[in-house]
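Residue numbers (the UniProt record's numbering): 1 to 74.
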């Protein structure tokens with residue numbers, strides 16, 4: 001696939017059982033490996049009332065990873 005790699009995907013899926021959350025996590029990871037094997041990312045699951053915290057922590061983690069990659073390139 002040609003084109004700039006400047007897109008991302010964020011999905012929030014709630015009202016799941018532990019088993020459903022685990023299965024979705026497994027399938028998302030499998031699809032990511034197939035579709036974008038060199039793509040970076042993170043996946044997290046938790047209680048519905050903590051979704052905001054989970055998203056914020058993930059955002060912070062991705063920003064830290066981006067800063068580390070930029071330092072290595074210099």
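Glycine included, C-beta positions come from ideal geometry on N, C-alpha and C. The model shown is predicted, which means the values in this text are computed figures rather than measured ones.
Residue-chain proximity (residue i, chain D), Cβ-Cβ < 8 Å
i, result
"residue 50", "Given the protein chain composition of this structure (a single chain), no chain D is represented."
Boundaries of the alpha helix (DSSP H) in which residue i is found, first to last residue
i, result
"residue 34", "18-35"
Secondary structure of residue i, DSSP reduced to three states
i, result
"residue 6", "coil"
"residue 38", "coil"
"residue 12", "coil"
"residue 45", "coil"
Short Cβ contact (8 Å threshold) for residue i with residue j
i, j, result
"residue 51", "residue 14", "yes"
"residue 45", "residue 17", "no"
Integer-rounded CB distance, given that residue j should sit under 8 Å from residue i
i, j, result
"residue 30", "residue 39", "Their Cβ separation, rounded to whole angstroms, is 13 Å, which puts residue 30 and residue 39 out of contact at 8 Å."
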